[in-house]
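Take a look at the structure set out below.
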Amino acid sequence: MTVTLTPAENAVTPRRPQPARDRHHRGASRWIVLVLVTLGALAMLVPFVFMLLNAFKSPGDYSSGGPLSWPSEFYTKGLRNYWTQVNFPLKLWNSALIAGSVAVLGVVVSLLNAYALGIGRVRGRLWIVGLFLLANMLPQEALIYPLYYVAKQIGLYNTQLSVIIIFTVIQSAFGTYLLASVLGTFPRSLLEAAALDGAGKWKILWRVVFPNLRPTLAVLLIFFFIWTWNEFLIPLVMLIDNSTQTIPVALASLQGDRLMDAPTTNAGALISLVPAILFFLIFQRTLSRGITAGAEK
Numbered sequence: 001m002t003v004t005l006t007p008a009e010n011a012v013t014p015r016r017p018q019p020a021r022d023r024h025h026r027g028a029s030r031w032i033v034l035v036l037v038t039l040g041a042l043a044m045l046v047p048f049v050f051m052l053l054n055a056f057k058s059p060g061d062y063s064s065g066g067p068l069s070w071p072s073e074f075y076t077k078g079l080r081n082y083w084t085q086v087n088f089p090l091k092l093w094n095s096a097l098i099a100g101s102v103a104v105l106g107v108v109v110s111l112l113n114a115y116a117l118g119i120g121r122v123r124g125r126l127w128i129v130g131l132f133l134l135a136n137m138l139p140q141e142a143l144i145y146p147l148y149y150v151a152k153q154i155g156l157y158n159t160q161l162s163v164i165i166i167f168t169v170i171q172s173a174f175g176t177y178l179l180a181s182v183l184g185t186f187p188r189s190l191l192e193a194a195a196l197d198g199a200g201k202w203k204i205l206w207r208v209v210f211p212n213l214r215p216t217l218a219v220l221l222i223f224f225f226i227w228t229w230n231e232f233l234i235p236l237v238m239l240i241d242n243s244t245q246t247i248p249v250a251l252a253s254l255q256g257d258r259l260m261d262a263p264t265t266n267a268g269a270l271i272s273l274v275p276a277i278l279f280f281l282i283f284q285r286t287l288s289r290g291i292t293a294g295a296e297k
């Protein structure tokens, strides 16, 4: 018996797609890059290992064996000395207050400036954005004397408010440049639709622009906090009272002219590093989501 196949049945069955190659068989270059990145990460961890090693080493062990020797005892007096000598809880509060205030205010100022430049289409927009970029590139050493003089004249010297104002302006210069570039490509259709619905400029900012920029603003908030937390020169000059100083300034005060207690200094550096690491770990997911959202846009 002869079986006749219809054209549909006679069609060649399509081949199943070949499975993608296993990620472990993509060539030697992948492994070379992985090894180099791992070596670079380990090299970056070496100073932290030395800091941790010397933080729990007695001054006698440090003098006899040097910074590379293994401690003969678990020495914690350096941690206690640093905690009491610099009044660490107060310095922690000062750093958190300054860094947190600058992070929030810097993001708000950056958003308002970028909204006016990127969406408001201010005349001379490119020149203004270029001016913000130039201001962000100025070294702090060139700004320190004018800032010191102005703070003295208006009565803000040796106050945390002076440092908050200074760093809010400095950080918002970078934030304005970044957000203005982002808002320059913001979909005009969304803005026109909101305007047709009767939304004003403020409502468009907080109901349309802000929700779309939330991941980017979260990244800026984290960066502003960490950058301000680690600042040293301006707080060193502007905050001379022990009750207003930040953690980096307090850590530098342990280094004398002719004498330096290395274990106490390492212990202080270890304690001072813990809040920043905890802050980064807490907001690590927010940072990753913000960077990913920015890449997708």
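The numbering of the sequence shown is full-length UniProt numbering, which starts it at 1 and goes up by one.
Note that CB positions come from ideal geometry on N, CA and C, so glycine has one too.
By DSSP, does residue i sit in helix, in strand, or in coil?
i    : result
T38  : helix
Y62  : helix
G78  : helix
F48  : helix
K57  : coil
G120 : coil
S243 : coil
P248 : helix
S29  : helix
A199 : coil
L205 : helix
R285 : helix
Compare the Cα-Cα distances from residue i to each of the options and report the closest residue.
i    : options                   : result
L161 : G78, G184, F88 and S101   : S101
L134 : Y148, L178, R123 and Y157 : L178
G175 : A218, V274, Y75 and L79   : A218
P211 : L190, D197 and W227       : L190
G106 : N87, Y75 and I165         : I165
T185 : Q171, L213, A173 and W206 : L213
A195 : L143, I119, R285 and L281 : I119
V86  : F279, L281, N242 and A142 : N242
V46  : P67, F225 and A28         : P67
L79  : I98, L97, N54 and S64     : N54
T159 : L36, I234 and S181        : I234
I170 : V122, F224 and T216       : F224
F50  : A267, I282 and L281       : A267
E231 : T168, R188, K203 and F48  : T168
T84  : L143, W202, L251 and L97  : L251
L270 : A142, P139 and F48        : F48
Which residue marks the beginning of the alpha helix (DSSP H) containing residue i, and which one marks its end?
i    : result
F88  : F88 to A114
Y148 : Q140 to I154
F224 : F210 to W229
N266 : A262 to I282
S72  : Element bounds for S72: n/a, residue is neither H nor E.
R188 : R188 to L196
Q171 : Q160 to L183
F132 : R125 to M137
L233 : L233 to M238
For residue i, which residues in the same chain have their Cβ closer than 7 Å to its Cβ, ignoring the five residues on either side in sequence?
i    : result
A295 : In this prediction, A295 has a pLDDT of 45, which is less than 50 and means its spatial position is unreliable; what the coordinates show is noted afterwards. Contacts found: none.
L273 : none
I247 : K91, L92, S95 and S272
Y115 : L183, L205 and V209
P59  : D261 and P263
S110 : S172, G175, T176, L179 and L220
S57  : Here the sequence assigns Lys to residue 57, which means Ser is not the residue at that position. Correct list, in chain order: P71, Y75 and P263.
W229 : S95, A99 and A276
I240 : N158
What residues in its chain sit with their C-beta under 6 Å from that of residue i, if we drop five residues either side in the sequence?
i    : result
N81  : T264
L220 : V107 and G175
F132 : A173, T176 and Y177
N113 : T176
For residue i, which residues in the same chain have their Cβ closer than 8 Å to its Cβ, ignoring the five residues on either side in sequence?
i    : result
I277 : none
A199 : R207 and V208
P146 : none
R285 : none
R258 : In this prediction, R258 scores a pLDDT of 45, lower than 50, which makes its location untrustworthy; no coordinate-derived value is stated.
Y148 : Y157, V237 and M238
Any heavy atom of the ligand GDP closer than 6 Å to the Cβ of residue i?
i    : result
A114 : With respect to the ligand GDP, the structure shown offers nothing to examine, as it has no ligands at all.
Counting only C-beta atoms, is residue i closer than 7 Å to chain C at any point?
i    : result
T228 : Here chain C cannot be found, since the structure has a single protein chain.
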